[in-house]
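K.L.:
Let me begin by handing over the structure; questions about it come next.
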Amino acid sequence: MSKYNDLLDKLIEYTDSDYIPMHMPGAKRNDIFYENESKALSKLDITEIDGFDNMHDASGIILDMQKKAQRLYKADLSLLLVNGSTAGILAAISGVCHKGDSILVARNCHVSVYNALYLNELKADYISPQIDEETGMFLGISLDEIKAKVENNSYRAVVITSPTYEGRTSDIRGIAKYLHDKGIVLIVDEAHGAHFNFHKEFPESAISQGADIVINSIHKTLPAPTQTALLHLNSDLINYDRVKRYWNIYQSTSPSYLLMAGIDRALSFVELDGAEAYKEYVANLKELRGKIMALENISLAEVDDISKVVLVASEKAKDKIDNFGKWIFDRLLEDFHIQLEMASFDYAIAMTAVGDKKEYYDSFIGALESLDKEIDETRIQEEQDQTGYKDSVDQRDSVEQRESVEQRDSVDQRDSVDQRESVDQRESTGQAARNAKKELFANLAGYKKVMEAHEAVEKADLEGFDMLSLEDESLINRVSVNAVLLYPPGMPVINSGELITEDKIQIIKKAIALDIEVIGLNDDLIKVLKVN
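Following the numbering used here, the numbering of the sequence shown begins with -11 at its first residue and continues without gaps.
Quick look at the structure:
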């Protein structure tokens, strides 16, 4: 610890600890990607000096890096992103659309997509992905859903997220072909799929399926630093120069050479060592997944991308643990020093990557086996308690003990009834909560747009706004200034410029009652436009 006791000290302290990183970034604190270079990062930090090229006008080593990315991702043009996928999404939408254009956006898109709609004053229409009503996880968007929206509208572009955070994908090939026949650009936020091209066990990449623009957060699943990403262009439907113009606007004019070096090292690793490394990684990953599936009480949710290890309670254990996702997240962290990526109400995500060490998985499955046994022992104990008799008592048959045994049995039976009623009540409560969540998630899709998001925000800035409670009857049929989201599933209940109906208010209230995180409220108050 230095005399400064600052963020750098905290990072160094954490790096030296025994916490296992089942989360992004994809390098997973594994020194093999940088060997001794990482020991002197301050000495490597430079600017655009002679011989080191310029990202905004690449002609040397950075241009070579871009070409390397193009080879690996099979893109016409690949551009470096040091401001994260956010910069790529902003550049893609700004470069494809003109002010006032209509655009179709998946309701579960990243906040940067909504910011692009606002900045470019676009006319937005939304498509809602299917939702797993048991967990609230998104299941992707179907071609039929796209067709239903596109047939009666004129869109400049369609933006979808594939894969989702939880590893579910959409029919990119079918969607791309259909949209291209109508001259519509398909932009895919593939932030969580930067690894797809590098092993057959992963889904096919969006670029290879015909998407026009794809954004990859390589830091999420490749051994690259946080904040690094790639923007791929692959279509004659888009103006490359216009997209590049906005790419320049949204990128720093002083890009970090440490970040760019991290991108190049990740790409070099994949190009030179990727085949063997991904073979070993996938073998270890499949072994891990197989061992988890063999557990009695802890299981895996169905995914398209096997790198996402989504932990759920098995069918027999659903009523044993309230808020399973948060429970297993906390237990793994507190008892085993295993840090997962995220926790939701009914599931938790462990992110794997090529940077994982085999010992990570050994420790992970060992911890899960221990927790699985703990759940099983709890269940067995409850079943034994429900019988009302203990074997040791049943075996006592002496005359002089019989009276006291009978008295104790009577007490045990009463206790058993109470315990059984308690278990039954918890199972009933658990089922009721699941049914309530199913109903809630099933009713998220609808919306009534009064004005575009940028219009609502500008109107609030110029004319003022009100902050109203969920209990305030005057909230009904007011126009929301802010978006209000449920997490999970990460989709807006209400977007900026949309009408706050009684149904939407009830959804938000139910979400709060179910301990589902609600984002966009301020002490249970919603920001709305004033009524003239």
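We treat Cβ as the ideally placed atom computed from N, Cα and C, and that holds for glycine.
1. Tell me the DSSP secondary structure of Phe190 in three-state form.
2. With a threshold of 8 Å between beta carbons, is Ile34 in contact with chain D?
3. Expressed to the nearest angstrom, what Euclidean distance is found between the alpha-carbon atoms of Leu221 and His180?
4. Counting Cβ pairs closer than 8 Å, one from the segment 461 to 471 and one from the segment 142 to 151, do we hit at least three?
5. Alpha carbons only, please: which of Ile514, Tyr348, Ile163 and Tyr245 is nearest the one belonging to Ala94?
6. What did DSSP end up calling Gly508 once you bin it into helix, strand or coil?
7. For a test of the three-state rule: what should DSSP assign to Phe40, helix, strand or coil?
8. Please name the residue, chosen from Lys345, Tyr348, Gly354 and Lys314, that lies closest to Ile337 on a Cα-to-Cα basis.
9. Tyr238: which of Lys279, Ser287 and Val70 sits nearest, CA to CA?
10. What are the start and end residues of the beta strand (DSSP E) that includes Phe453?
11. Can you tell me which of Ile309, Ser484 and Met339 puts its alpha carbon nearest to the alpha carbon of Glu365?
12. By how many angstroms is the C-alpha of Arg156 removed from the C-alpha of Lys135?
13. Taking the Cβ atom as the reference point for each residue, do Leu579 and Ser47 lie within a distance shorter than 8 Å?
14. Anyone know if the C-beta pair for Cys97 and Thr149 falls short of 8 Å?
15. Looking at Val506: is its Cβ nearer than 8 Å to the Cβ of Leu474?
16. Residues bridged to Thr545 by DSSP?
17. Could you name the residues that DSSP lists as bridge partners for Glu486?
18. With DSSP as the reference, identify every bridge partner of Tyr143, one or two as the case may be.
19. So, for Asp159: in the same chain, excluding its five sequence neighbours on each side, which residues have a beta-carbon less than 6 Å away from its beta-carbon?
20. What are the complete alpha helix (DSSP H) segments, minimum 4 residues, inside the segment 82 to 151?
21. Can you list, in chain order, the residues of its chain with a C-beta nearer than 6 Å to that of Ala331? Leave out the 5 residues immediately preceding and following it.
22. State the DSSP-derived secondary structure class of Ala444, mapped to helix, strand or coil.
23. Unbroken alpha helix (DSSP H) runs of length 4 or more, entirely within the segment 195 to 235: which are they?
24. Quick one: any contact between the segment 188 to 195 and the segment 53 to 64, if contact means 3 or more CB pairs under 8 Å?
25. Can you give the Cα-Cα distance for Thr214 and Gly124, rounded to whole angstroms?
26. Per the contact definition of three or more C-beta pairs closer than 8 Å, is the segment 31 to 50 in contact with the segment 236 to 252?
27. Return the residue from the list His442, Ile206, Arg253 and Val298 that minimises the CA-CA distance to Leu273.
28. Considering Cα atoms alone, identify which of Leu127, Ile294 and Asp229 is closest to Thr209.
29. Check Ser256 in the structure and name its three-state DSSP category.
30. With a 10 Å radius around its C-beta and 16 neighbouring C-beta atoms as the bar for buried, classify Glu451 as buried or exposed.
31. Among residues of its own chain, excluding the 5 on either side of Asn311, which ones have a beta-carbon nearer than 7 Å to its beta-carbon?
32. What does the Cβ neighbour count give for Ile91, buried or exposed, with the cut at 16 atoms within 10 Å?
33. Using DSSP with H/G/I as helix, E/B as strand and the rest coil, what is Ala301?
34. For the beta strand (DSSP E) containing Met10, list its first residue and its last residue.
35. State buried or exposed for Ser100, treating a residue as buried only when at least 16 other CB atoms are found within 10 Å of its CB.
36. What is the C-beta distance between Gly343 and Pro480, in whole angstroms, given that I count them as a contact (C-beta under 8 Å)?
P.N.:
If we stick to the structure as given:
1. coil
2. As a matter of chain content, chain D is missing from the structure shown, which is built from one protein chain.
3. 18 Å
4. no
5. Ile163
6. coil
7. coil
8. Lys314
9. Val70
10. Phe453 to Ser457
11. Ile309
12. 20 Å
13. Shown here, the chain extends from -11 to 520; a query on residue 579 therefore has no answer.
14. yes
15. yes
16. Nothing about residue 545 can be reported from this structure: the residues present for the chain run from -11 to 520 only.
17. Lys437
18. DSSP lists no partner for Tyr143.
19. Leu131
20. 99 to 107 and 131 to 138
21. Gly313, Lys314 and Phe317
22. helix
23. 206 to 209
24. yes
25. 27 Å
26. yes
27. Val298
28. Ile294
29. helix
30. exposed
31. Phe333 and Asp503
32. buried
33. strand
34. Ile8 to Met10
35. buried
36. So it is not a contact: roughly 34 Å between Cβ atoms.
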